[in-house]
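This note's numbering puts the first residue of the sequence shown at 4, with every later residue one more than the last. Think of the CB as a built atom: it goes at the ideal place given N, C-alpha and C, for glycine as much as any other residue. First the structure, in the form of structure tokens, and then the observations on it.
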Amino acid sequence: VEKIYGDKIRSYFHYRNIELHYIILAGGEPDKRPLAVDALVDKMCEYKLRRREPFLAIGGGCVLDICGMAAAMYRRGVPFVRVPTTLLAIVDASVGVKNGVDYCCGLTNETYKNRVGSFYAPCACLLDNSFIESQDERNVANGFGEIIKLALVRSIDLFELLETHGASLIKSRFEPSPSVPDGVGKRIIDASIQIMLEELGPNLWEYQLERCVDYGHTFSKLLEMVPGADIMHGEAVNVDGFFCCVISHLRGYINMEIVERVFHCMQALSLPTNSADLNSKLAWQSCYDAIEHRNGQMRIPLITGIGESICVSDLTSEELDRALILMKKFPHVM
Numbered sequence: 004v005e006k007i008y009g010d011k012i013r014s015y016f017h018y019r020n021i022e023l024h025y026i027i028l029a030g031g032e033p034d035k036r037p038l039a040v041d042a043l044v045d046k047m048c049e050y051k052l053r054r055r056e057p058f059l060a061i062g063g064g065c066v067l068d069i070c071g072m073a074a075a076m077y078r079r080g081v082p083f084v085r086v087p088t089t090l091l092a093i094v095d096a097s098v099g100v101k102n103g104v105d106y107c108c109g110l111t112n113e114t115y116k117n118r119v120g121s122f123y124a125p126c127a128c129l130l131d132n133s134f135i136e137s138q139d140e141r142n143v144a145n146g147f148g149e150i151i152k153l154a155l156v157r158s159i160d161l162f163e164l165l166e167t168h169g170a171s172l173i174k175s176r177f178e179p180s181p182s183v184p185d186g187v188g189k190r191i192i193d194a195s196i197q198i199m200l201e202e203l204g205p206n207l208w209e210y211q212l213e214r215c216v217d218y219g220h221t222f223s224k225l226l227e228m229v230p231g232a233d234i235m236h237g238e239a240v241n242v243d244g245f246f247c248c249v250i251s252h253l254r255g256y257i258n259m260e261i262v263e264r265v266f267h268c269m270q271a272l273s274l275p276t277n278s279a280d281l282n283s284k285l286a287w288q289s290c291y292d293a294i295e296h297r298n299g300q301m302r303i304p305l306i307t308g309i310g311e312s313i314c315v316s317d318l319t320s321e322e323l324d325r326a327l328i329l330m331k332k333f334p335h336v337m
């Protein structure tokens, strides 16, 4: 963001005679740590930010997480405005009230994804889809990992839009293109945000732990935390999502025709559908982690059709092993 938009942002405030104070934060998953929150709070203290003064958080999902947590902590809560700059952040991090950072425990020497965080809402969220133009194709595809998740659990119409236009939108980066009808990109983003609002709105503080939007977020957490793993959040969510499709098939919830349809759509979106790190140990440990995080039950979302889902809490290690075997029969591109 600094490299591409830094001068423009500074010029915007200079033109309006506004003295700008800012901090540049690294925006990768390895940087989403308590130290980043401390650095931002230090900057707030140096500036002497007042309790009702909002600050702008401009960046991708990791930066927005860091800023949201700092906003919740500083003076027990100051207002902040989210400005997401990636497709994934626009459809995911921009919605809801959760903020969090990964935490390395000094006693276990293990790093836990989003283990420390807060429920704290921004005072506003400014969406500008033109930011997507600055992303490379892998990052745009990464955003589709969260969009196809929403399609699978809530909307066959959205899924069909992804089947028809998703690959072209990745190539065009949501800019006008002869290969995509006008308004389709905005329609996909708007539909994704609407689904998130409908699902999160009545359950902002997650008193109800059976949530269809947790689809793709059971096994992906550990996949992302494997040391040295070259996998982005939306990619890990997609691997998890396809694994859950296979589990749904083995349970008789969906037929193989649906599994293959989902697989081909994911492949067309340049998303990974398997990972060398997805093995029996990681899969079963993910289920244990889900039990801890979801208050004593797995509550794992599975689809019963495209656009329909249920939550289950009775997966067995034998089921997971059979799903892993079936996963190997698909021509994955990793």
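Asked: Thinking C-beta only, is Val156 closer than 8 Å to Ser312?; Found: yes
Asked: I need the DSSP call for Asn145, collapsed to helix, strand or coil.; Found: helix
Asked: Count the other CB atoms, across all protein chains shown, that sit within 10 Å of the CB of Cys108; report buried if there are 16 or more and exposed otherwise.; Found: exposed
Asked: Beta-carbon separation of Ser273 and Glu140 under 8 Å?; Found: yes
Asked: Roughly how many angstroms lie between the CA atoms of Ile159 and Val242, to the nearest whole one?; Found: 20 Å
Asked: With which residues is Thr114 paired in a DSSP beta bridge?; Found: Cys107
Asked: Can you grab the Cα-Cα spacing for the pair Thr88 / Lys284, in whole Å?; Found: 36 Å
Asked: Rounded to whole angstroms, what's the CA-CA distance from Gly299 to Arg53? Just pull it up for me.; Found: 41 Å
Asked: Is it buried or exposed, Ala127, if we count other Cβ atoms within 10 angstroms and call 16 or more buried?; Found: exposed
Asked: Helix, strand or coil for Leu305 per DSSP?; Found: strand
Asked: Who does Ser121 pair with in a DSSP beta bridge?; Found: Asn102
Asked: Taking a contact to mean a Cβ-Cβ separation below 8 Å, would you say Phe83 touches Ile135 in this structure?; Found: no
Asked: Are Ala326 and Ile250 touching if we call contact CB-CB under 8 Å?; Found: yes
Asked: Closest to Pro125 by C-alpha separation, out of Asn132, Arg118, Ser97 and Thr111, would be which residue?; Found: Ser97
Asked: Quick one: residues in its chain with C-beta nearer than 8 Å to the C-beta of Gly237, no 5 flanking neighbours on either side, listed in chain order?; Found: Leu91, Ala144, Asn145, Gly146, Phe147, Gly148, Glu149 and Leu274
Asked: So who's on the other strand from Arg19, going by DSSP bridges?; Found: Its beta-bridge partners do not exist; DSSP assigns none.
Asked: Please state if the CB of Leu164 and the CB of Arg190 are separated by a distance shorter than 8 Å.; Found: yes
Asked: Do Leu253 and Leu329 have their C-beta atoms closer together than 8 Å?; Found: yes
Asked: Specify the secondary structure class of Gly188 as computed by DSSP and reduced to three states.; Found: helix
Asked: For Leu52, name the three-state secondary structure that DSSP assigns.; Found: coil
Asked: Would you grab the beta carbon distance between Met235 and Lys116 for me? Rounded to a whole angstrom, and I think it's under 8 Å.; Found: That belief does not hold up - the Cβ atoms of Met235 and Lys116 are roughly 13 Å apart, past 8 Å.
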